[in-house]
Structures are given as C-alpha cells and as structure tokens.
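J.: Using the numbering used here, you'd call the opening residue of the sequence shown number 1 and step up by one each time. A virtual CB, placed ideally from N, CA and C, is assigned to each residue, including glycine.
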Amino acid sequence: MSDDKLEWIFASGDNQQLADRYDRWATQYDADHDGWEWIGPAKAVEQLCALGTMSTVLDVGCGTGRVGPELAATGWDGTLVGVDLSAGMLAVAAETAYYERLVQASLTEIPLEDGSVDAVIATGVFTHGHVGSEAFPEVLRVVRPGGWVVITCRSEVWAELEPAAADHEAAGRWSLHKRTAPESFHPGRDIEDDLPQSVVIWRVC
Numbered sequence: 001m002s003d004d005k006l007e008w009i010f011a012s013g014d015n016q017q018l019a020d021r022y023d024r025w026a027t028q029y030d031a032d033h034d035g036w037e038w039i040g041p042a043k044a045v046e047q048l049c050a051l052g053t054m055s056t057v058l059d060v061g062c063g064t065g066r067v068g069p070e071l072a073a074t075g076w077d078g079t080l081v082g083v084d085l086s087a088g089m090l091a092v093a094a095e096t097a098y099y100e101r102l103v104q105a106s107l108t109e110i111p112l113e114d115g116s117v118d119a120v121i122a123t124g125v126f127t128h129g130h131v132g133s134e135a136f137p138e139v140l141r142v143v144r145p146g147g148w149v150v151i152t153c154r155s156e157v158w159a160e161l162e163p164a165a166a167d168h169e170a171a172g173r174w175s176l177h178k179r180t181a182p183e184s185f186h187p188g189r190d191i192e193d194d195l196p197q198s199v200v201i202w203r204v205c
C-alpha cells in the first residue's frame, strides 16, 4: 500500500467523499493492508478478549471485516455487528460471513438501541480524515453500563482525542481502563516510516 493512497483517503473532504473513496478501494483494500502486515485488528481483539465474556460486539468502521476472523480465531461465538459508511466495504465484509448484521451508517448516527451491545471495537477508525471525538457520544450510547470501548489509535491522534475523552470521564460516562504502550502495528513496514499506535480501552459507566 502506498503512502499516496493513504493521503488520498485522509484528504477526504466530508463523509460522502470518504465513503466514495472507500467504495473505490474496497476490492483492493485487504491486499494493500496485507502488504504491510497490519496487526491493528489482532491487537485490539487480544485486548478485548482479555476483558471477559461478551455476547454482542459492535465493530464500528468495520470496513472489509478484518475484526471478524480475529475474533473467530479466539473461539468467540457471540454476535458480531458491523457499521461502516462505505457500501463497497460492507459488501466485502458480507462475504466473510462473520457478521450477524452489517449496517451502512455514520458513527455519529448509529442505528442501534441504547445499551444494546457489550462492547464497541474500532480499528483504524479514529484517525485523520475519518472519525474524531464527535463519535464518542453515540459509541457511549449503544454500549451497556459496564461494557467496553476498545480502539486503536496513533499517538498523535490520541493527543487530539484525549481532552474530549477526559471530559466524558469527568462527566461520569466512562473511565479509562488502559492504554497500551505505543508500538508499530505494521511489522511489514520500515519502522522509521511508521507511526506508533496503541490500543485504548474505556469502561462505560
């Protein structure tokens, strides 16, 4: 995957353009990411499964469904729901058969009931040109009290998200459970060219 393609995605002007660009990339997306051995989904799933038993997990910004096989590999047999802006990406995810339900929607308007999932997982979603802290209220709304939010996040993006996350914590909506040590999530890429990432975990109040 070239940096030019990432810059093209990150430069999307609005949600419609972002969805359109992902539609165009959908059939090649997995092959491009495999070239960099992207391990973000595996890292997030590892942390999610360490939190205990969960019946329903919502994969927000699910893309082509890379979280699905990672969860299945752990033996997890609950209900996995995916939400994404791009119809093209969702079509690829549907072919994997890991998802009970796939929904095209913005993360600021998730069409699920309050407290209807045990956890939200997001890999490669909270980043430049994609989703920011404006999605936190909806994510918090759909997770049951005592449930979890697990995201991957680049260090420089975390610096942008942290103030809003802290505001929600101060308001008693969630509490920061853990942020893993920053590391490369692209072992197939030269570390000098990579940006460190972490898994961030909150518990919903």
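Tell me whether His-186 sits in a helix, a strand or coil according to DSSP, three-state version.
T.: Coil at His-186, not helix or strand.
J.: Just the C-alpha distance for Leu-58 and Thr-79, rounded to the nearest angstrom, thanks.
T.: Straight-line Cα distance between these residues: approximately 9 Å.
J.: So the candidates are Ala-91, Ala-164, Asp-77 and Leu-195; which of them puts its Cα closest to the Cα of Ser-133?
T.: The shortest Cα separation from Ser-133 among Ala-91, Ala-164, Asp-77 and Leu-195 belongs to Ala-164.
J.: Ordered along the chain, which non-local residues of its own chain (more than five positions away) have a Cβ less than 6 Å from that of Gly-40?
T.: Cβ neighbours of Gly-40 beyond the five flanking positions: Thr-123, Gly-124, Thr-152 and Phe-185.
J.: For Pro-111, which residues in the same chain have their Cβ closer than 7 Å to its Cβ, ignoring the five residues on either side in sequence?
T.: So the list reads Val-103 and Ala-105, once near-sequence residues are dropped.
J.: What's the C-alpha gap between Ala-97 and Val-81?
T.: Their Cα atoms are separated by approximately 11 Å.
J.: If we count Cβ pairs, one from each stretch, closer than 8 Å, do we get three or more for the stretch 168-185 versus the stretch 114-122?
T.: Short answer: they don't touch.
J.: Roughly how many whole angstroms lie between the Cα atoms of Ala-159 and Glu-46?
T.: C-alpha separation (whole angstroms): 23 Å.
J.: What is the DSSP secondary structure of Trp-158, reduced to helix, strand or coil?
T.: Three-state result, Trp-158: helix.
J.: Our contact map puts Val-150 next to Leu-48 with C-beta atoms below 8 Å; I'd like the distance itself, whole angstroms only.
T.: So it is a contact: roughly 5 Å between Cβ atoms.
J.: So, helix, strand or coil for His-168, using DSSP?
T.: Residue state, collapsed to three classes: helix.
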